[in-house]
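So the protein lines, in turn, are chains E and X. My numbering numbers the first residue of the first sequence as 636 and each following residue consecutively. My numbering numbers the first residue of the second sequence as 72 and each following residue consecutively. The C-beta atom is built at its ideal place from N, Cα and C for all residues, glycine as well. To keep things clear, I will list the structure first and then write my remarks on it.
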Amino acid sequence: AQSVTQLDSQVPVFEEAPVELRCNYSSSVSVYLFWYVQYPNQGLQLLLKYLSGSTLVKGINGFEAEFNKSQTSFHLRKPSVHISDTAEYFCAVRTYNQGGKLIFGQGTELSVKP
Amino acid sequence: DTAVSQTPKYLVTQMGNDKSIKCEQNLGHDTMYWYKQDSKKFLKIMFSYNNKELIINETVPNRFSPKSPDKAHLNLHINSLELGDSAVYFCASSQRQGAMVAFFGQGTRLTVV
Numbered sequence: 636a637q638s639v640t641q642l643d644s645q646v647p648v649f650e651e652a653p654v655e656l657r658c659n660y661s662s663s664v665s666v667y668l669f670w671y672v673q674y675p676n677q678g679l680q681l682l683l684k685y686l687s688g689s690t691l692v693k694g695i696n697g698f699e700a701e702f703n704k705s706q707t708s709f710h711l712r713k714p715s716v717h718i719s720d721t722a723e724y725f726c727a728v729r730t731y732n733q734g735g736k737l738i739f740g741q742g743t744e745l746s747v748k749p
Numbered sequence: 072d073t074a075v076s077q078t079p080k081y082l083v084t085q086m087g088n089d090k091s092i093k094c095e096q097n098l099g100h101d102t103m104y105w106y107k108q109d110s111k112k113f114l115k116i117m118f119s120y121n122n123k124e125l126i127i128n129e130t131v132p133n134r135f136s137p138k139s140p141d142k143a144h145l146n147l148h149i150n151s152l153e154l155g156d157s158a159v160y161f162c163a164s165s166q167r168q169g170a171m172v173a174f175f176g177q178g179t180r181l182t183v184v
């Protein structure tokens, strides 16, 4: 079975500061990794994904994440955040043969302050 | 045009009632899902259909019954609603069962009183 742990439930930062949202996963088989963002009262939007290849993946809105197989991590980073980045961020994994279901972490609330 | 749309967006109902949430996708996808987000924002899959066929049925009470009249629609019917059913329910779709990207709807906030 797979599991995902997001190490921080809340991350407050000031505008234009860098941010890292941490995600660790556990799986006995290869996984695909995702970050989704949920703005207040909205659905989930895909930020970025790692399927294979380069371990550094870039997504929308200036976010990037690095897949580290040895540490089973997939941390999300942004060098300079904006107020509009305030949202809930979810890390998720899936395997190839489980019907496409995503297994989510608990979420990290990013709060960007002026 | 909304890719994955759910109705209603908000639903307040009394315990014991039966209610349905509808989901439609206009992406031509084969696979659709229902996820539940609880009060702590934890997301968990409930069901998945591929071309109208049930492929994932997590440990969900029998009171929850998905119905897929065609591959563009996946509705969720809930019988005998309980307080613990209060949550946000998200519909999602992907191009096919093995596709990597799922597109989510806006969610339906169900409140059982």
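State the start and end residues of the unbroken beta strand (DSSP E) segment that holds residue i.
i	result
Ala-173(X)	173-175
Ala-700(E)	699-703
Phe-725(E)	722-729
Glu-124(X)	124-128
Leu-681(E)	679-685
Val-672(E)	667-673
Kindly list the residues whose CB is nearer than 7 Å to the CB of residue i, restricted to its own chain and excluding five residues on each side of it in sequence; keep chain order.
i	result
Gly-87(X)	Ser-151, Leu-152
Gln-177(X)	Gln-77, Lys-80
Ile-126(X)	Ser-119, Tyr-120, Gln-168
Ala-74(X)	Gln-96, Asn-97, Leu-98, Phe-174
Arg-134(X)	Ile-149, Asn-150, Ser-151
Ile-116(X)	Tyr-104, Tyr-106, Ile-127, Glu-129
Please tell me whether residue i has its Cβ less than 8 Å away from any Cβ of chain E.
i	result
Gln-177(X)	yes
Leu-152(X)	no
Round the Cβ separation of residue i and residue j to the nearest angstrom and send it over; I've been treating them as touching at under 8 Å.
i	j	result
Ser-157(X)	Leu-98(X)	Going by Cβ atoms, the distance from Ser-157(X) to Leu-98(X) rounds to 29 Å, so no, they are not a contact pair.
Tyr-667(E)	Leu-686(E)	5 Å
Ile-738(E)	Val-639(E)	6 Å
Thr-84(X)	Val-183(X)	6 Å
Could you name the residues of the same chain whose beta carbon sits closer than 6 Å to that of residue i, not counting the 5 residues immediately before and after it, in chain order?
i	result
Glu-723(E)	Gln-673, Gly-742, Glu-744
Asp-109(X)	Ala-158
Lys-93(X)	Thr-78, Asn-146
Do you know how far the Cα of residue j is from the Cα of residue i?
i	j	result
His-100(X)	His-148(X)	22 Å
Asp-643(E)	Lys-111(X)	14 Å
Tyr-106(X)	Ala-652(E)	33 Å
Asn-703(E)	Ser-719(E)	28 Å
Arg-729(E)	Gly-735(E)	7 Å
Pro-714(E)	Val-654(E)	6 Å
Ser-708(E)	Gly-678(E)	25 Å
Gln-645(E)	Lys-748(E)	13 Å
Gln-166(X)	Asp-141(X)	15 Å
Asn-659(E)	Pro-675(E)	24 Å
Would you please verify whether the beta carbon of residue i is less than 8 Å from any beta carbon of chain X?
i	result
Gln-641(E)	no
Lys-693(E)	no
Leu-686(E)	yes
Lys-736(E)	yes
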